[in-house]
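Residue numbers (the working numbering): 4 to 552.
All C-beta atoms, glycine included, are put in the ideal place defined by N, C-alpha and C.
Every value quoted in this text rests on a predicted model; they were computed, and no experiment measured them.
The structure appears right after this line, and notes come after that.
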């Protein structure tokens with residue numbers, strides 16, 4: 004069937020836009036024989052009926068991807084997650100990753116940082132630098148990014164309750180490097196709602212937490228327009244035991260809550276919505292995962308366009324980062340994890356992810372070694388450069404099974420979102436434990452299937468072997484905590500204490516009112532007020548969240 008003039012005109016326009024935007028990949032568009040147009044995006048044999056059914060890539064409702072050219076124009080960002088011990092040690096790991104081809108950084112913070120305690124707090128004992136890097140003050144952030152130009156590197160920070168403080172430190176470091184705020188790129192997770200249901204690193208109750216999030220939306224919209232202000236996360240929901248449908252439903256329900264909170268705060272929809280991003284899990288059921296991403300993209304586009312009335316097409320786009328499933332990694336026969344991660348990473352790519360982290364084979368036992376991290380990164384690079392899947396957009400489009408499964412996940416997720424809204428919305432469902440029970444029931448059912456042998460996990464409940472040797476593991480030096488506390492004391496001894504106190508008092512006054520909290524937080528950070536000190540000021544005003552209270 005002859006393609007319509009509208010389609011051919013669109014196809015040609017998108018080709019030339021992509022060549023002008025990504026000249027380094029021009030050969031991908033043109034050097035395949037048959038001229039430029041014949042090899043662009045959609046194979047020649049596909050007719051208009053096909054595209055009428057599932058749409059074009061880069062067009063509403065974005066079932067097939069948010070960009071017309073997808074990876075033919077530019078590969079996904081290979082954003083490896085890293086952070087452990089001290090800022091100096093993590094800086095070395097960041098440089099190692101950059102030297103080996105990582106195209107974006109992603110920071111893991113230690114548990115005290117995630118819940119707003121300094122390293123010298125009694126609650127931090129035994130946890131400093133263990134599951135991520137310890138960041139107590141601007142001094143640590145300066146060390147973390149030493150010799151890493153923040154106007155050249157995109158950085159994602161997995162931080163939620165104290166997201167405003169870590170963003171403030173990042174902006175201050177960029178400023179010290181001479182990079183203006185409007186040039187920095189990256190993402191803060193900044194997704195507190197999933198902490199209440201799936202992860203637990205919350206500090207403040209929901210209402211003031213939503214205020215902090217909308218304050219960030221507003222400030223970044225004016226000061227850091229290229230920075231993603233939130234990464235609405237389904238990853239941790241899935242890691243806690245949800246199904247694919249629940250991951251989509253609860254994530255998008257949280258997204259609806261954030262959008263409504265921003266609108267209630269007086270923000271303009273099409274101004275902040277274009278900087279929303281999402282974060283999904285990549286589990287091992289390859290085709291279900293591909294369908295999950297396609298369904299989520301389509302459902303969010305309709306939510307933004309139809310429900311909220313967004314006018315700008317970029318506001319309709321669900322752009323997402325993916326991480327392979329940490330909960331799927333087994334401590335037994337750890338080399339099997341390389342295969343699991345490869346399947347999961349392929350699912351993310353076939354599903355149209357914008358950035359990807361691949362887990363390392365030894366993460367069921369410890370933080371990953373450099374060798375394991377390199378293998379995880381090479382997994383992405385092999386998929387990108389050797390598998391051929393990046394040569395066409397949405398390679399599984401039109402598969403009867405994938406399209407049917409996409410429809411099924413969308414319908415079931417939409418029904419679950421409606422049920423949440425009928426029960427009073429996300430916050431009420433969290434307070435009443437509805438969402439938590441849904442996840443817990445799914446996790447229990449999954450584990451029962453494994454124990455009954457109905458679900459096979461290779462090397463765990465079938466095909467087991469006796470392993471005589473243990474792999475080399477990364478161990479955090481136990482002296483890290485003492486060293487970090489000593490550095491913190493040095494920072495406190497050398498800063499201007501009067502200025503710190505003045506800034507903290509200003510922050511407290513702002514917190515009791517309704518002004519944007521980002522400016523006083525940034526002012527305090529620049530005077531080397533610590534993360535714990537800033538969070539304690541906000542605790543004194545907002546209180547702390549206690550589950551079930």
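For residue i, which option in the options has the closest C-alpha, if you only look at C-alpha atoms?
| i | options | result |
| --- | --- | --- |
| residue 549 | 374, 200 and 170 | 200 |
| residue 318 | 330, 360, 259 and 298 | 259 |
| residue 299 | 278, 409, 375 and 205 | 409 |
| residue 104 | 544, 533, 378 and 307 | 378 |
| residue 248 | 286, 349 and 214 | 286 |
| residue 181 | 436, 197, 172 and 153 | 153 |
| residue 330 | 365, 518, 68 and 396 | 365 |
| residue 108 | 188, 141 and 451 | 188 |
| residue 492 | 532, 416 and 460 | 532 |
| residue 350 | 308, 375, 387 and 371 | 387 |
| residue 416 | 141, 246 and 264 | 246 |
| residue 524 | 68, 106, 140 and 306 | 140 |
| residue 173 | 215, 446, 110 and 220 | 110 |
| residue 132 | 184, 142, 490 and 116 | 116 |
| residue 322 | 73, 57, 83 and 264 | 73 |
On the criterion of 16 or more Cβ atoms from any shown chain inside 10 Å, does residue i qualify as buried, or is it exposed?
| i | result |
| --- | --- |
| residue 71 | buried |
| residue 389 | exposed |
| residue 277 | buried |
| residue 126 | exposed |
| residue 475 | exposed |
| residue 1 | Nothing in the structure corresponds to residue 1, since the chain is present only between 4 and 552. |
| residue 112 | buried |
| residue 546 | exposed |
| residue 362 | buried |
| residue 515 | exposed |
| residue 75 | buried |
| residue 453 | exposed |
| residue 229 | exposed |
| residue 68 | buried |
| residue 136 | buried |
In the DSSP assignment, find the beta strand (DSSP E) that holds residue i and state where it starts and stops.
| i | result |
| --- | --- |
| residue 282 | 279–285 |
| residue 124 | From DSSP, residue 124 is part of no beta strand (DSSP E); its letter is neither H nor E. |
| residue 289 | Residue 289 -> not in any beta strand (DSSP E); alpha helix (DSSP H) instead, spanning 289–305. |
| residue 468 | First-last for residue 468: undefined, no H or E at that position. |
| residue 372 | Here residue 372 belongs to no beta strand (DSSP E), and DSSP marks it neither H nor E. |
| residue 158 | 157–160 |
| residue 326 | 323–327 |
| residue 212 | First-last for residue 212: 209–226, but that is the alpha helix (DSSP H), not the beta strand (DSSP E). |
Measure the C-alpha to C-alpha separation of residue i and residue j and round it to an integer number of angstroms.
| i | j | result |
| --- | --- | --- |
| residue 485 | residue 226 | 37 Å |
| residue 432 | residue 255 | 14 Å |
| residue 538 | residue 488 | 18 Å |
| residue 50 | residue 283 | In this prediction, residue 50 scores a pLDDT of 42, lower than 50, which makes its location untrustworthy; the coordinate-derived value is nonetheless stated afterwards. Each residue's Cα considered, the two are about 32 Å apart. |
| residue 373 | residue 316 | 41 Å |
| residue 168 | residue 128 | 22 Å |
| residue 53 | residue 406 | Here residue 53 scores only 45 on pLDDT, less than 50, and its place in the model is too uncertain to base an answer on. |
| residue 394 | residue 354 | 14 Å |
| residue 122 | residue 312 | 46 Å |
| residue 206 | residue 165 | 8 Å |
| residue 506 | residue 251 | 41 Å |
| residue 448 | residue 203 | 22 Å |
| residue 340 | residue 478 | 20 Å |
| residue 97 | residue 85 | 7 Å |
| residue 211 | residue 195 | 11 Å |
| residue 480 | residue 92 | 11 Å |
| residue 462 | residue 456 | 12 Å |
| residue 411 | residue 240 | 20 Å |
| residue 232 | residue 281 | 11 Å |
Starting from residue i and walking both ways along the alpha helix (DSSP H), at which residues does that stretch end?
| i | result |
| --- | --- |
| residue 442 | 437–454 |
| residue 108 | Looking at the DSSP string, residue 108 is not in any alpha helix (DSSP H); the run it does join, the beta strand (DSSP E), is 107–110. |
| residue 411 | 403–425 |
| residue 189 | Run containing residue 189: none in the alpha helix (DSSP H); it sits in the beta strand (DSSP E), 188–191. |
| residue 275 | 272–275 |
| residue 545 | 534–545 |
| residue 515 | 500–515 |
| residue 84 | No alpha helix (DSSP H) holds residue 84; the beta strand (DSSP E) holding it covers 80–85. |
| residue 239 | 238–242 |
Could you round the C-beta distance between residue i and residue j to whole angstroms and report it? I think they count as a contact, below 8 Å.
| i | j | result |
| --- | --- | --- |
| residue 429 | residue 79 | With a Cβ gap of about 29 Å, residue 429 and residue 79 do not count as contacting. |
| residue 348 | residue 332 | At roughly 13 Å, the Cβ-Cβ gap does not stay under 8 Å, so residue 348 and residue 332 are not in contact. |
| residue 380 | residue 100 | 7 Å |
| residue 483 | residue 89 | 6 Å |
| residue 244 | residue 413 | 22 Å between Cβ atoms; not a contact. |
| residue 257 | residue 235 | 6 Å |
| residue 344 | residue 327 | 5 Å |
| residue 65 | residue 304 | 5 Å |
Can you find a CB in chain D that lies within less than 8 Å of the CB of residue i?
| i | result |
| --- | --- |
| residue 319 | Structure shown: chain D not included; a single protein chain is present. |
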